[in-house]
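Written below as structure tokens is the structure these notes are about.
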Amino acid sequence: MNDHHKTFIAFVKLGHFLREFVTLETPNDEWSQKLDEAIVLSKHKNGWFTRENVIHALKSWGELLTDENLTAWLSGYDVKQNRPKTVALIMAGNIPLVGFHDFLSVLITGNKVLAKLSSNDDVLTIFIKDYLVSVEPSLKDSIEISDGRLENFDAVIATGSNNTSRYFEHYFSKVPNIIRKNRNSVAVLTGNESAEQLNALGEDVFRYYGLGCRSVSKIFVPEAYDFDTLFKAVYPHHPIVEHIKYANNYDYNKAVYLMSEFKILDNGFLILKEDKSYSSPIASLFYERYKDLSLLKERLASDADELQCIVGQDIVEGEIPFGKTQQPSLTDYADNLDTVDFLLKN
Numbered sequence: 012m013n014d015h016h017k018t019f020i021a022f023v024k025l026g027h028f029l030r031e032f033v034t035l036e037t038p039n040d041e042w043s044q045k046l047d048e049a050i051v052l053s054k055h056k057n058g059w060f061t062r063e064n065v066i067h068a069l070k071s072w073g074e075l076l077t078d079e080n081l082t083a084w085l086s087g088y089d090v091k092q093n094r095p096k097t098v099a100l101i102m103a104g105n106i107p108l109v110g111f112h113d114f115l116s117v118l119i120t121g122n123k124v125l126a127k128l129s130s131n132d133d134v135l136t137i138f139i140k141d142y143l144v145s146v147e148p149s150l151k152d153s154i155e156i157s158d159g160r161l162e163n164f165d166a167v168i169a170t171g172s173n174n175t176s177r178y179f180e181h182y183f184s185k186v187p188n189i190i191r192k193n194r195n196s197v198a199v200l201t202g203n204e205s206a207e208q209l210n211a212l213g214e215d216v217f218r219y220y221g222l223g224c225r226s227v228s229k230i231f232v233p234e235a236y237d238f239d240t241l242f243k244a245v246y247p248h249h250p251i252v253e254h255i256k257y258a259n260n261y262d263y264n265k266a267v268y269l270m271s272e273f274k275i276l277d278n279g280f281l282i283l284k285e286d287k288s289y290s291s292p293i294a295s296l297f298y299e300r301y302k303d304l305s306l307l308k309e310r311l312a313s314d315a316d317e318l319q320c321i322v323g324q325d326i327v328e329g330e331i332p333f334g335k336t337q338q339p340s341l342t343d344y345a346d347n348l349d350t351v352d353f354l355l356k357n
């Protein structure tokens with residue numbers, strides 16, 4: 012069995028483990044107990060990492076990491092052309108395991124990971140590393156977690172903000188790199204959506220408290236749109252305001268808007284504000300009215316570099332169905348940049 016196949020099998024075993032774990036009521040073996048402890052610790056370190064959201068991330072990855080899915084994903088590439096290299100990963104920490112796709116891509120193509128983890132999301136990634144090494148000891152030499160300055164790497168994948176990207180672009184300019192910036196997701200409504208579709212849109216807005224680049228932070232609506240329909244449809248998501256950090260953001264942003272005399276719509280757990288920006292604060296959802304759908308499509312196309320997902324029905328090519336933004340497939344690459352192709356060609 013060659014090293015690539017060993018790594019492949021290790022991820023298949025990880026997927027099987029995660030699928031079993033999310034169905035357990037109580038941990039019943041050593042690694043399940045360790046993961047349960049990691050979930051608790053991750054919540055202590057990052058208050059946004061509720062058990063529900065961490066389990067959602069683990070469940071999603073468990074469903075993706077199957078022999079069939081991994082084989083189908085890699086079938087479009089010639090992995091044998093890879094030149095083994097060390098790839099530095101600078102990971103974000105906004106949602107649980109947000110950098111795992113990069114981690115997976117580097118290892119499964121036959122390369123080594125040199126990871127700089129965000130302190131907001133280091134516990135779960137370290138658990139994943141330890142589990143993989145336990146099922147495939149040869150991976151120990153392929154995964155390094157660095158606490159200091161990154162050195163001796165051949166390529167870089169760095170995820171950060173628009174501000175940090177300028178530093179990354181300067182610092183890593185001499186090696187092949189992918190530098191990711193801020194992105195947001197939007198939904199385009201026509202007024203013909205069903206209550207079920209609008210309720211599903213709530214999943215796109217509220218999952219991970221809206222902290223992910225795949226979280227819908229703005230909606231486009233027709234001029235005469237009835238927001239009561241939307242508020243009624245998303246009301247089942249109202250328990251989100253029981254989370255203290257979310258509630259604090261809701262109260263703060265509402266106070267700022269009211270003191271600034273902005274016109275807002277509010278249902279007790281979500282604030283709607285008319286705004287041309289794509290990036291809305293936590294507990295807020297920006298909206299913008301449109302007259303001509305064809306002109307809106309042109310605008311979205313011209314702003315493609317700022318957008319990760321566009322949610323809608325029969326609006327644009329590559330759109331995401333309502334409720335599905337937080338269920339990406341293996342081929343849904345961040346910033347729409349093919350990570351595997353980058354790794355194989357550099």
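Under this note's numbering, read the sequence shown as residues 12 to 357, first letter to last. Glycine is no exception: its CB is placed at the ideal position from the N, C-alpha and C atoms.
May I ask which residues mark the beginning and end of the beta strand (DSSP E) holding isoleucine 101?
Numbered from its first residue, the sequence shown carries residue 101 at position 90. First-last of the beta strand (DSSP E) with isoleucine 101: 97-101.
Using a Cβ-Cβ cutoff of less than 7 Å, which residues in the same chain neighbour valine 327 once the five nearest sequence positions on both sides are dropped?
In the sequence shown, residue 327 corresponds to position 316, counting from 1. Cβ neighbours of valine 327 beyond the five flanking positions: Lys308, Leu311, Ile321.
Looking at glycine 334 and aspartate 215, is the spacing between their C-beta atoms short of 9 Å?
What you label residue 215 is simply residue 204 of the sequence shown in a count that begins at 1. What you label residue 334 is simply residue 323 of the sequence shown in a count that begins at 1. Yes. Within cutoff.
Are the stretch 21-35 and the stretch 90-101 in contact at 8 Å, needing three or more beta carbon pairs?
No, they do not touch.
Which full runs of the alpha helix (DSSP H) of 4+ residues lie inside the stretch 195-282, going along the chain?
List check, alpha helix (DSSP H) in window: 206-217, 238-245, 255-270.
Going by DSSP, name the residue or residues bridged to tyrosine 298.
For the purposes of this step, residue 298 is taken as residue 287 along the sequence shown, with counting starting at 1. In DSSP, tyrosine 298 forms a bridge with Ile230, Glu285.
DSSP three-state call for leucine 318: helix, strand or coil?
Sequence index remark: in the sequence shown, residue 318 carries index 307 (1-based). Residue state, collapsed to three classes: strand.
In angstroms with no decimal places, state the Cα-to-Cα distance between tryptophan 59 and isoleucine 106.
Position 48 of the sequence shown holds residue 59. Position 95 of the sequence shown holds residue 106. Cα-Cα distance, rounded: 8 Å.
At a cut of 8 Å, does the stretch 123-132 reach the stretch 157-175 through at least three beta carbon pairs?
Yes, since at least three Cβ pairs between the stretch 123-132 and the stretch 157-175 fall closer than 8 Å, the two stretches touch.
Could you give the uninterrupted runs of the alpha helix (DSSP H) lying entirely in the stretch 32-94, keeping only those of 4 residues or more?
Correct list: 41-56, 62-75, 78-85.
Just list the residues that DSSP pairs lysine 123 with in beta bridges.
Looking up residue 123 in the sequence shown gives position 112. Paired residue(s): Thr97.
Taking the straight line between their C-alpha atoms, what separation do you get for alanine 80 and threonine 342?
Residue numbering aside, residue 80 sits at position 69 when the sequence shown is read from its first letter. Residue numbering aside, residue 342 sits at position 331 when the sequence shown is read from its first letter. Checking the sequence shown, residue 80 turns out to be asparagine, not alanine. Looking at the two C-alpha atoms, the distance is approximately 10 Å.
Excluding the 5 residues preceding and the 5 following aspartate 314 in the sequence, name in chain order all residues of the same chain whose CB lies nearer than 7 Å to its CB.
Within the sequence shown, residue 314 is the residue found at index 303, counting from 1. Contacts found: none.
Should arginine 112 go down as buried or exposed, given a rule of 16 or more other Cβ atoms within 10 Å for buried?
On the sequence shown, residue 112 is found 101 positions in, with the first residue counted as 1. At residue 112 the sequence reads histidine, which differs from the arginine that was named. Histidine 112 should be labelled buried.
Okay, do the stretch 266-279 and the stretch 199-219 touch, 3+ Cβ pairs below 8 Å being the bar?
Not touching, per the Cβ criterion.
Kindly list the residues whose CB is nearer than 7 Å to the CB of phenylalanine 32, restricted to its own chain and excluding five residues on each side of it in sequence; keep chain order.
Here residue 32 corresponds to residue number 21 of the sequence shown, with the count starting at 1. Excluding sequence neighbours, phenylalanine 32 sits near Ser43, Leu46, Leu69.
What residues are listed by DSSP as bridge partners for arginine 191?
In the sequence shown, counting from the first residue as 1, residue 191 sits at position 180. Paired residue(s): Thr170.
Which two residues bound the contiguous alpha helix (DSSP H) that contains isoleucine 106?
Along the sequence shown, one-based indexing puts residue 106 at 95. It is not in any alpha helix (DSSP H) - isoleucine 106 carries neither H nor E in the DSSP assignment.
Give the range of the beta strand (DSSP E) segment to which glutamate 155 is assigned.
Within the sequence shown, numbered from 1, the residue matching residue 155 stands at position 144. It spans 154-156 - the beta strand (DSSP E) in which glutamate 155 sits, taken as one unbroken run.
Determine the burial state of valine 232: buried for a count of at least 16 other Cβ atoms within 10 Å of its Cβ, exposed for fewer.
Stepping through the sequence shown from its first residue, residue 232 is reached at position 221. Label assigned to valine 232: buried.
Starting from leucine 354, trace the alpha helix (DSSP H) in both directions and tell me its first and last residue.
Counting from one through the sequence shown, the residue named residue 354 turns up at place 343. Leucine 354 -> alpha helix (DSSP H) spans 350-356.
Say whether the stretch 292-301 touches the stretch 258-267, bearing in mind that this needs 3 or more beta-carbon pairs closer than 8 Å, one atom from each stretch.
Result yes; three or more Cβ-Cβ pairs closer than 8 Å.
Can you have a look at glycine 138 and say buried or exposed, based on whether 16 or more other CB atoms are within 10 angstroms of its CB?
Start at 1 with the first residue of the sequence shown, and residue 138 comes out as number 127. Note that residue 138 is phenylalanine in the sequence shown here, rather than glycine. When all chains shown are included, phenylalanine 138 counts as buried.
What residues in its chain sit with their C-beta under 7 Å from that of isoleucine 50, if we drop five residues either side in the sequence?
For the purposes of this step, residue 50 is identified with residue 39 of the sequence shown, where counting begins at 1. Here the set comprises Arg62, Val65.
Please classify glycine 73: is it buried, with 16 or more other beta-carbons within 10 angstroms of its beta-carbon, or exposed?
Here residue 73 refers to the residue found at position 62 of the sequence shown. Label assigned to glycine 73: buried.
Would you call the CB atoms of serine 176 and isoleucine 156 closer than 9 Å?
For the purposes of this step, residue 176 is taken as residue 165 along the sequence shown, with counting starting at 1. For the purposes of this step, residue 156 is taken as residue 145 along the sequence shown, with counting starting at 1. No; because the gap between Cβ atoms is not below 9 Å, this pair is not in contact.
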